[in-house]
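Colleague: Residue numbers 164 to 625, in the numbering used here, belong to the letters of the sequence shown in order. Glycine included, C-beta positions come from ideal geometry on N, C-alpha and C. Dumping the structure here so I can ask a few things about it.
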Amino acid sequence: MSHREDTIVAIATPSGMGAIAVLRISGPDSISLVDSVFRNPSGTRKDLKLKPGYSVHFGAIHDGDTLIDEVLCTMFRAPHSYTGEDTVEISCHGSTFIQRELLQLFLRKGARLADPGEFTLRAFLHGKMDLSQAEAVADLIASENQASADVALRQMRGGFSKELSDLREQLIQFASLIELELDFSEEDVEFANRDQLTDLLNRIRQVLKRLQDSFALGNAIKNGIPVAIVGAPNAGKSTLLNALLKEERAIVSDIAGTTRDVIEDEIHLGGLTFRFIDTAGLRDTSDHVESIGIRKAYEKVDQASIVLYLVDLAHPPLDIADRIQQIRERAGNKPVILLGNKSDRVRDESPDWITEVDHYLPISALSGEGLEEVQQALLDQVETSALSNNEVVVTNARHYQNLVQAFEAIQRVQGGLESGISGDLLAQDVREALRYLGNITGEIDVDRDILGTIFGKFCIGK
Ligand code: GDP
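Below you can see the structure in the form of structure tokens.
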């Protein structure tokens, strides 16, 4: 990462032509840089340097005697800007030529092209937001559905950080009390009431556990929920997929076992994204290509979070109960929903191959009957109460990793407390838990490499 005392510039809007484009300049020289090329439409000086923050000015930018564009400049004065520095945002006409000319002008005048995410990095370094909030900015920009936007927005506004810094504060108190004891070790005093400590540790562990558990939902929100559709050839898998996607993407065929290519696609339900993985038939066969298809189907079950098992009610395989059992075993804890397809031909509300515990729905992929129930069944498999309760949801793998490590460190402290290990070892474990929590919000010195990785994933201009 580069030096943060210099002045950086970047185009903040997406590349290409648009009605307007925004150039962002941030750093100690940003205002004087813009001032040196920005004039009133009549050509007189603008004196931007004398203008207050949060003001907008109309004028023209010149490169020497050449007019580049008429623009609006929005002024931000440190520390009241996104980065915490003096910042000017220039809204110009969206021509790619004008954008390039302006960018080059400011680079020639001494600004440096911003690294990806450098504006947000500066916001973090100037204490405008903590690390988890900065990461939420990237998530918000990348969000493609309601749930991921909600969760990112919540995290960006600090919900996540507040919970963590409360935890850290309690832990710091704990650590200092134990360390105080160490200073008086010869007198054998106990400043930290062990019962209260145990109580506190339990509470912290619960919060860490809840945050950890929320990652399953967070991950589902961010990356979509993979769903495998399996069943014998001709059961109607492609038809079902098409019906759900409402587009003829998969090959629908009358010939058994022809749908061999794996097709992936997604739909949005209730603000969540479900990624469907269509699979080849599950029929036992000597046909070589088909056995590859079967293997793929098992692989897909492994990849999926939810399995839809489709059975042709008109022609259920003789060994259907065994086949379902195989898939169930393969799926382990994942929900397997049994769908009796072609209900337009044969209606069967409770075929003899389902058991009491099965989740069974009769459907017709062709006529569309029961498809809404399938969608609802999919949604029901995802525990989304955290979303509606406005709870903190962890979506970031780096946070999750640190939460797991903090949790383990807390467990070590608890173990140590129970077995009565010495105060200095106890304090050491607490410090470690503090470090993992601090890694998330960036409250301690986070490794420069880590910062580089986090902010390097941003787009330039953010
Ligand atoms: P796949 O091999 O499991 O992908 O099965 P397909 O989706 O290719 O369907 C096989 C055949 O069953 C096609 O001729 C479909 O039109 C037909 N089919 C699929 N779903 C239904 C349904 O609900 N009712 C009826 N009558 N035919 C269906």
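Rounded to a whole number of angstroms, what is the C-alpha to C-alpha distance between Val425 and Arg458?
Modeller: Note that Val425 scores 39 on pLDDT, short of 50, meaning its location in the model is unreliable; the coordinates nonetheless yield the value given after this. Computed Cα separation, rounded: 12 angstroms.
Colleague: Report the start-end ranges of each alpha helix (DSSP H) in the segment 194-264 that is 4 residues or longer and not cut off at the edges.
Modeller: For the segment 194-264, not a single whole alpha helix (DSSP H) run of length 4 or above is found.
Colleague: Can you find a heavy atom of ligand 2 that lies under 8 angstroms from the Cβ of Asp192?
Modeller: Only ligand 1 can be found as ligands here, which leaves ligand 2 out of the picture.
Colleague: I'd like the span of the beta strand (DSSP E) that includes Ile584, first residue to last.
Modeller: Looking at the DSSP string, Ile584 is not in any beta strand (DSSP E), and its letter there is neither H nor E.
Colleague: Sorry if obvious, but does the Cβ on Lys625 come closer than 8 angstroms to a heavy atom of ligand 1?
Modeller: Outside the cutoff, so no.
Colleague: Can you tell me whether Asn559 sits near ligand 1, meaning its C-beta is under 8 angstroms from at least one heavy atom of the ligand?
Modeller: No, the Cβ of Asn559 stays beyond 8 angstroms of every heavy atom of ligand 1.
Colleague: Using a threshold of 8 angstroms, is the CB atom of Leu473 nearer than that to any non-hydrogen atom of ligand 1?
Modeller: Leu473 Cβ: within cutoff of ligand 1.
Colleague: Are the segment 261-274 and the segment 285-294 touching by the rule of at least three beta carbon pairs closer than 8 angstroms?
Modeller: Too few Cβ pairs lie closer than 8 angstroms, so no.
Colleague: Can you tell me whether Asn386 is helix, strand or coil according to DSSP?
Modeller: Helix, per DSSP.
Colleague: Is it buried or exposed for Ala572, if we count other Cβ within 10 angstroms and need 16 for buried?
Modeller: Label assigned to Ala572: buried.
Colleague: Give me the Cβ distance between Thr142 and Ala484, rounded to the nearest whole Å; I'm assuming they're in contact under 8 angstroms.
Modeller: Here the chain has residues from 164 to 625 only, and residue 142 is not among them.
Colleague: Candidates Ile388, Leu186 and Ser339: which alpha carbon is nearest Cys255's?
Modeller: Taking only the C-alpha atoms, the option nearest Cys255 is Leu186.
Colleague: Using 8 angstroms as the cut-off, can you tell me whether the segment 314-324 makes contact with the segment 216-226, which would need three or more C-beta pairs spanning the two stretches below that distance?
Modeller: Cβ pair count under 8 angstroms is below three, so no.
Colleague: Across which residues does DSSP place Val499 in a beta bridge pair?
Modeller: Note: Val499 sits in a beta bridge opposite Val470.
Colleague: Only counting the same chain, and skipping five residues up and downstream in sequence, which positions put a Cβ closer than 8 angstroms to that of Asp511?
Modeller: Leu476, Gly503 and Pro525, listed in sequence order.
Colleague: Using 8 angstroms as the threshold, is the segment 568-587 in touch with the segment 534-543, meaning 3 or more CB pairs across them?
Modeller: Counting Cβ pairs under 8 angstroms, fewer than three are found: no touch.
Colleague: Measure the alpha-carbon distance for Glu332 versus Arg594 and round it to whole angstroms.
Modeller: In a straight line, the C-alpha of Glu332 is about 12 angstroms away from that of Arg594.
Colleague: State the Cα-Cα distance for the pair Leu580 and Val557, rounded to the nearest angstrom.
Modeller: In a straight line, the C-alpha of Leu580 is about 29 angstroms away from that of Val557.
Colleague: What is the rounded straight-line gap between the Cα of Val219 and the Cα of Gln262?
Modeller: About 19 angstroms.
Colleague: According to DSSP, Thr170 sits in a beta bridge with which residue or residues?
Modeller: In the DSSP output, where bridge partners are listed per residue, Thr170 has none listed.
Colleague: I'd like the span of the alpha helix (DSSP H) that includes Leu481, first residue to last.
Modeller: Element bounds for Leu481: n/a, residue is neither H nor E.
Colleague: I need the straight-line Cα distance from Lys325 to Ala560, nearest angstrom please.
Modeller: Cα-Cα distance, rounded: 19 angstroms.
Colleague: Taking 8 angstroms as the cut-off, is the C-beta of Leu407 nearer than that to any heavy atom in ligand 1?
Modeller: No - ligand 1 has no heavy atom lying nearer than 8 angstroms to the Cβ of Leu407.
Colleague: Hey, how far is the Cα of Leu597 from the Cα of Ile335?
Modeller: Computed Cα separation, rounded: 7 angstroms.
Colleague: What is the rounded straight-line gap between the Cα of Ser146 and the Cα of Asn382?
Modeller: With the chain covering 164 to 625 only, the question about residue 146 has no answer from this structure.
Colleague: Who pairs with Asp428 in a beta bridge, going by DSSP?
Modeller: Answer is Phe439, bridged to Asp428.
Colleague: Mind checking whether the beta-carbon of Arg508 lies closer than 8 angstroms to any heavy atom of ligand 1?
Modeller: True, at least one ligand heavy atom lies under 8 angstroms from that Cβ.
Colleague: Could you tell me the alpha carbon to alpha carbon distance between Asp543 and Asp515, rounded to whole angstroms?
Modeller: If I take the Cα positions, the gap works out to 25 angstroms.
Colleague: Rounding to the nearest angstrom, what Cα-Cα distance links Gln369 and Leu330 in this structure?
Modeller: Answer to the nearest angstrom: the Cα atoms are 11 angstroms apart.
Colleague: Relative to ligand 1, is the shortest distance from any of its heavy atoms to the C-beta of Gly394 smaller than 8 angstroms?
Modeller: Yes - ligand 1 has a heavy atom lying nearer than 8 angstroms to the Cβ of Gly394.
Colleague: In terms of residue numbering, what span does the beta strand (DSSP E) encompassing Ala310 cover?
Modeller: Unbroken run through Ala310 is the alpha helix (DSSP H), Gln309 to Met319; no beta strand (DSSP E).
Colleague: For a test of your reading of the model: does the CB of Gly399 fall under 8 angstroms from any non-hydrogen atom of ligand 1? Yes or no.
Modeller: Yes, Cβ of Gly399 sits closer than 8 angstroms to a heavy atom of ligand 1.
Colleague: Starting from the C-beta of Ser295, find all residues in its chain whose C-beta is less than 8 angstroms away, skip the five residues before and the five after it, and write them out in chain order.
Modeller: Here the set comprises Gln318, Phe323, Ser324, Leu327, Asn559, His562, Ile603, Thr604 and Gly605.
Colleague: Check Leu529 in the structure and name its three-state DSSP category.
Modeller: Leu529: coil per DSSP, three-state reduction.
Colleague: Does DSSP put Ala182 in a helix, in a strand, or in coil?
Modeller: The answer is coil: DSSP assigns Ala182 none of H, G, I, E or B.
Colleague: Contact defined as beta carbons within less than 8 angstroms: I believe Met180 pairs with Lys214. What is the distance between those atoms, to the nearest angstrom?
Modeller: Not quite, the Cβ-Cβ distance comes to about 30 angstroms (not below 8 angstroms), so this is no contact.
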